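A.B. asks: In our numbering, the protein residues as written are 305 to 889.
Cβ coordinates follow ideal geometry from the N, Cα and C atoms, glycine included.
This one's a predicted model, so the numbers in the text were calculated from it and none came from an experiment.
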RNA sequence: GGGCUCAUAGCUCAGAGGAUAGAGCAAUCGCCUUCUAAGCGAUCGGUCACAGGUUCGAAUCCUGUUGAGCCCGCCA
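(1) Using beta-carbon positions only, say whether residue 643 and residue 826 come within less than 9 Å of one another.
(2) Identify every residue that forms a DSSP beta bridge with residue 891.
(3) According to DSSP, which residues form a beta bridge with residue 592?
(4) Suppose you measure from the CA of residue 505 to the CA of residue 720; what does that come to, to the nearest Å?
(5) Would residue 874 and residue 772 qualify as a contact pair, given that the criterion is a beta-carbon distance under 9 Å?
(6) Anyone know if the C-beta pair for residue 877 and residue 839 falls short of 9 Å?
(7) Between the C-alpha atoms of residue 620 and residue 537, what's the straight-line distance to the nearest angstrom?
(8) Where residue 305 and residue 329 are concerned, what is the direct C-alpha to C-alpha distance, given to the nearest angstrom?
(9) Using CA coordinates, which residue listed in 439, 369, 793 is at the minimum distance from residue 860?
(10) Please report how far the alpha carbon of residue 442 lies from the alpha carbon of residue 386, in whole angstroms.
(11) Ends of the alpha helix (DSSP H) at residue 452?
(12) With contact counted as at least three CB pairs below 8 Å, one residue from each stretch, are the stretch 675-684 and the stretch 645-665 in contact?
(13) Using DSSP with H/G/I as helix, E/B as strand and the rest coil, what is residue 305?
(14) For the alpha helix (DSSP H) containing residue 347, list its first residue and its last residue.
(15) For residue 498, which of 587, 565, 545 has the nearest alpha-carbon?
(16) When you compare only the Cα positions, how much space is there between residue 756 and residue 359?
(17) In chain order, which continuous runs of the alpha helix (DSSP H) of length 4 or greater are located wholly inside the stretch 521-608?
(18) Where do the ends of the beta strand (DSSP E) carrying residue 645 lie?
(19) Please work out which residues of its chain come closer than 7 Å, Cβ to Cβ, to residue 374, disregarding the five sequence neighbours upstream and downstream, and give them in chain order.
(20) Which value, in whole angstroms, describes the spacing of the CA atoms of residue 889 and residue 715?
(21) For the 8 Å Cβ check, are there 3 or more pairs between the stretch 656-667 and the stretch 629-641?
(22) Provide the residue(s) that pair with residue 461 in DSSP beta bridges, ordered along the chain.
(23) Based on the DSSP secondary-structure assignment, which residues constitute the bridge partners of residue 675?
(24) Select from 549, 589, 622 the residue whose C-alpha is nearest the C-alpha of residue 572.
(25) According to DSSP, is residue 411 helix, strand or coil?
(26) Compute the Euclidean distance between the alpha carbons of residue 388 and residue 364, then round it to the nearest angstrom.
(27) In or out: residue 731 buried (at least 16 other Cβ within 10 Å) or exposed?
(28) So, for residue 786: in the same chain, excluding its five sequence neighbours on each side, which residues have a beta-carbon less than 6 Å away from its beta-carbon?
(29) Hey, out of 624, 753, 748, whose CA is closest to residue 682's CA?
(30) Whole-angstrom Cβ separation of residue 594 and residue 612, contact assumed at under 8 Å?
(31) If we require 4 or more residues per run, which alpha helix (DSSP H) segments fall completely within the stretch 795-870?
(32) Ignore the nearest five residues each way along the sequence and tell me which others in residue 758's own chain have a CB closer than 7 Å to its CB.
(33) Candidates 496, 458, 409: which alpha carbon is nearest residue 422's?
(34) May I ask you to report which of helix, strand or coil DSSP gives residue 431?
(35) Going along the chain, which residues of its own chain have a beta-carbon closer than 6 Å to the beta-carbon of residue 450, five neighbours each way excluded?
Quick look at the structure:
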């Protein structure tokens, strides 16, 4: 079924050849959805662009093209408008047939991809011995949504958590803990994570100020890297404790990840440097081993190096990233590697991608893509901080969203004189609060900075999670009120389109596959959000205008089917954003 | 000094070669004897930062200017 666009595209290409000859077999008919529903459903803009090559007036070209165009199965007779737009309007019978196919399909018309890829989505990536904070929010939410979309398409997705679990930070932390809380290095949970974070900060301070401490810390890293048992044990304890704390957040957010931290690649680091050497790319400069980059210069205009081995012999993140890239290509056999990190790392990615390319490790068949996102800012437009100026803990942020959702829900329950169990209230508050945070983030174009506002994301109106959850709840309300079991509506539930709002809603429902395909390519989940918001709006307009339960048959069944299809589309679409639905709220 | 990103309605943001630039919020005004008001309709609101250029057509692409944010040798 489906691929209305593909069908029309082919028809237009045939018409181009029939009208103007074989030279135009590859001419793009410039078929796009119309900018305005008054112009129909799709428009072809090719006539204007052919005016010069053909030496004719665009409208005449359009007319000639339309004479050779056969889309009568799908469309009303094509209309030529304005300077030479060809407007196509889908026939009601065609729409109804498409709806029937969609209804019967658990995937709602979104076909699995023909050639599944092995895709790695690298996201979240918190640091061991630190708490997850607001800086991890966007990567975690956006990365999860991208993974869900690609998984739904049928790709083989590996969700990797590239946690910061290696390097100098452990040297200084272990050194410091030996002084102040040695039990933390030998006993699980001897101190809690909050204290660990505080110790980390103090360790960092000591590291920056105290040369002797720095040297001890450096030796501690060497011990750890050399596999010293005590060091190793301490490191494992610290990682384990952090890991459990991360899992609390991931459970709250319903996010699944495979941990493969920086330490995983540690044994592979020397090989990276060796192979760069063999490739003739390695240059020693100031004692550090580097690859000098093309197109990146420093303040003096000289080429910038990518340092792969520090003058003290240690490796850094560029080396780890290169090792990880090689591993993901050679061992994981990935076709596409997606890195979801903040935009500030754009240079770093461009740089190490370049080195991987020049070293011959990155074949043209593998796509690597950095998916950058902007900062989370407070309502003052500055980087989000707590009132006391601290970084906002992710845990606190999510708790506050849920608390606010609960307070709002309780107020409303009271105002409406409803009786609800504590269980109901907690569940709804949880779903609304978390969903609001996720949706607010996903609904924005990720490339720009984003202003975090509890009030806006939890608003019941507008482009928010609660608005969409409510649209879904409304459909469930109909089924309860009318004692309708949508599953039993069955295949006979033919959708008939009569009212404008029904047409508008139906056409929108049929566009899900196009949106999913688009987002899977460009990795902008906000487009899916936009689609779902518009779907909710169109449903509410239909709901406002068309009685459902009180309609006469066969209209009643038709409208019930339309409601059900809307609910299923919302549920599926939201699930691709990592957002669940509620039956009542 | 270089690089990247951004600048669209009072506010928060969509739109990334096509027709008259959209939505939400805010403001103003309507609509609950109807499955529904956590909703729907309407009004108001724009020099798409500025200046050039490419194009049949530019908010969108290119160049420059201004302003903002981020990054730039041994942190990630």
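C.D. replies: On the basis of the data shown:
(1) no
(2) Residue 891 falls outside the range modelled here, since the chain spans only 305 to 889, and no answer is possible.
(3) 589
(4) 49 Å
(5) Their beta carbons are under 9 Å apart, which means residue 874 touches residue 772 by this criterion.
(6) Yes; because the gap between Cβ atoms is below 9 Å, this pair is in contact.
(7) 23 Å
(8) Bear in mind that a pLDDT of 48 at residue 305, under 50, signals an unreliable position, so the number given afterwards is only what the model happens to contain. So the two alpha carbons sit approximately 25 Å from each other.
(9) For residue 860, the closest of 439, 369, 793 by C-alpha to C-alpha distance is 793.
(10) 44 Å
(11) 441-457
(12) The answer is yes - the stretch 645-665 touches the stretch 675-684, with three or more Cβ pairs under 8 Å.
(13) Annotation note: pLDDT 48 at residue 305 (below 50); position unreliable, coordinate value reported separately. Residue 305 falls in the coil class under three-state DSSP.
(14) Segment 346-348 is the beta strand (DSSP E) holding residue 347; no alpha helix (DSSP H) there.
(15) 545
(16) 54 Å
(17) 533-557, 573-582
(18) Per DSSP, residue 645 is one residue of the beta strand (DSSP E) stretching across 640-646.
(19) 315
(20) 13 Å
(21) yes
(22) 423
(23) 644
(24) 622
(25) Three-state DSSP puts residue 411 in coil, outside helix and strand.
(26) 8 Å
(27) Result: exposed.
(28) 853
(29) 753
(30) 7 Å
(31) 804-813, 816-826, 830-849
(32) 704, 705, 708
(33) Across the set 496, 458, 409, the C-alpha of 458 shows the shortest separation from the C-alpha of residue 422.
(34) strand
(35) 425, 827
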